[in-house]
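Worksheet: the structure to be examined is printed underneath.
2 protein chains.
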Amino acid sequence: MPPNTIPRVEAQSIGPLSAQTGVNIETIRYYERIGLLPAPPRTRGGRRIYSAEHRRRLVFIRRMRELGFPIESVRALLGMVDGGHACADVHALTVRHLDDMRRRIGDLTRVAAILEDMADRCATGETPGCPIVEALSPD
Amino acid sequence: MPPNTIPRVEAQSIGPLSAQTGVNIETIRYYERIGLLPAPPRTRGGRRIYSAEHRRRLVFIRRMRELGFPIESVRALLGMVDGGHACADVHALTVRHLDDMRRRIGDLTRVAAILEDMADRCATGETPGCPIVEALSPD
DNA sequence: CTCATTTCTGTAGCCACTACAGAAGCAAGA
DNA sequence: TCTTGCTTCTGTAGTGGCTACAGAAATGAG
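Residue numbers (the numbering used here), protein chains in the order written: chain A, 3 to 141; chain B, 3 to 141.
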């Protein structure tokens with residue numbers, strides 16, 4: 003066997019994995035604890051050794067979390083992809099999540115408009131007319 | 003003293019207060035525990051009796067929470083209003099919070115755009131080309 | 001071999017509630 | 001007066017998604 007046919011194992015411990023993926027060490031262990039990331043093999047001393055497959059999975063988890071999917075949705079997505087028959091279900095979940103995002107954007111936008119109005123009316127620095135202070139005064 | 007000059011006490015127990023203000027009973031007690039709502043007097047049996055002033059304060063807290071102010075900001079707002087010299091500080095806090103809301107709206111909007119794109123590209127139902135499934139495949 | 005760094009487990013804290021359990025108060029009807 | 005059923009009480013634990021320790025053990029470079 004020539005040396006260049008030996009496959010590179012690409013194993014790494016949790017620190018470098020954290021640095022490469024941008025996921026906190028504690029968070030990686032947390033994902034393992036809740037069954038999101040498979041438990042990797044260990045050294046004789048008990049330290050975790052991650053493979054490229056683990057790294058891929060972790061990056062996927064991070065991306066989905068950044069996109070706002072809750073943990074349970076990420077778990078479902080992983081199950082779908084692992085199960086093979088993915089895209090239809092994945093699409094449905096994505097659309098549901100997108101609807102949720104849009105609703106939240108709408109909520110926040112309405113709130114922002116009210117805050118803007120409050121700030122404007124408060125900007126004079128006078129207590130009478132300030133909608134916040136007034137809300138607490140006896141009527 | 004004619005009967006109509008007697009001020010109405012407007013006292014009520016926690017259940018009606020909850021119903022009137024729309025704040026959960028448990029949440030009302032929680033606000034008391036964390037010092038946001040003053041502890042009201044009690045009956046001999048130990049039940050809380052709320053006055054109109056408590057009710058006003060609670061409605062204020064609810065409104066500020068609905069507008070997304072974190073508890074500590076609500077606490078600060080109450081302190082400002084109680085302290086008298088309110089509006090300038092209130093304005094500053096409001097503007098800070100508004101900035102925060104706008105940042106969050108921006109974040110969510112960016113995320114929604116990405117999700118939309120993902121959903122579109124996933125809509126064909128074919129696994130190749132699906133950006134989610136691809137992210138997990140070995141490269 | 002020494003020493004600094006990394007990693008380990010387990011637990012507790014964060015925010016803003018929410019959900020109990022089990023006991024006790026209270027009001028209306030018989 | 002007594003019962004019945006509703007309300008309220010305290011205290012604790014759970015939620016989501018991490019984050020922050022403490023104290024011990026493993027590891028790798030010099």
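All C-beta atoms, glycine included, are put in the ideal place defined by N, C-alpha and C. All of these numbers come straight from a predicted model, not from anything done at the bench.
Indicate whether residue i and residue j have their beta-carbon atoms separated by less than 7 Å.
i: R64/A; j: V25/A; result: yes
i: L110/A; j: L117/B; result: no
i: G1/A; j: V113/B; result: Any property of residue 1/A remains undetermined from this structure, which presents chain A solely from 3 to 141.
i: T23/B; j: V83/B; result: no
i: R77/A; j: L39/A; result: no
Roughly how many angstroms separate the alpha carbons of residue i and residue j, rounded to a whole number?
i: L79/B; j: T96/B; result: 9 Å
i: M120/B; j: A94/A; result: 11 Å
i: M103/A; j: E12/B; result: 42 Å
i: P18/B; j: T45/B; result: 16 Å
i: S75/B; j: E55/A; result: 45 Å
i: R57/A; j: R58/B; result: 54 Å
i: D122/B; j: D91/A; result: 14 Å
i: R105/B; j: R98/B; result: 11 Å
i: E34/B; j: G47/B; result: 19 Å
i: E136/A; j: Y32/B; result: 25 Å
i: G85/A; j: A115/A; result: 45 Å
i: G81/A; j: E68/A; result: 19 Å
Apart from the five residues on each side of it in sequence, which residues of its chain come closer than 7 Å, Cβ to Cβ, to residue i?
i: S20/B; result: N26, I27 and I30
i: S15/B; result: R49, R50 and I51
i: M66/A; result: V76 and L79
Just to check, is the beta-carbon of residue i closer than 6 Å to a non-hydrogen atom of the ligand FMN?
i: D109/A; result: With respect to the ligand FMN, the structure offers nothing, as it holds no ligand at all.
Residue i and residue j look like a contact to me (Cβ under 8 Å); what is the Cβ gap, rounded to whole Å?
i: C216/B; j: C89/A; result: A question about residue 216/B goes unanswered here, because the residues of chain B that appear run from 3 up to 141.
Looking only at its chain, what residues have a beta carbon closer than 8 Å to the beta carbon of residue i, apart from the 5 residues adjacent to it on each side?
i: A53/B; result: Before going on, a small fix: residue 53/B reads as Ser here, not Ala. Hits under 8 Å: V11, E12, A13 and P42.
i: I36/A; result: I73
(request) Compile a chain-ordered list of the residues in the region 83-112 of chain B whose CB is closer than 7 Å to at least one CB of chain A. (result) Cβ contacts with chain A come from V83, A88, C89, A90, V92, H93, T96, V97, H99, L100, M103, R104, R106, I107, L110 and T111.
(request) Could you name the residues of the region 20-38 of chain A whose beta carbon sits closer than 9 Å to any beta carbon of chain B, in the order they occur along the chain? (result) So nothing in the stretch comes that close.
(message) Counting only Cβ-Cβ distances shorter than 8 Å, please list the residues of the region 113-125 of chain A near chain B, keeping chain order.
(response) Of all residues in the region 113-125 of chain A, V113, A114, I116, L117, E118, M120, A121, C124 and A125 have a Cβ within less than 8 Å of some Cβ in chain B.
(request) Identify each residue in the region 64-84 of chain A for which the Cβ-Cβ distance to at least one residue of chain B is less than 7 Å, and report them in chain order. (result) Identification of residues in the region 64-84 of chain A having a C-beta nearer than 7 Å to some C-beta of chain B yields R65, L69, G70, L79 and V83, given in sequence order.
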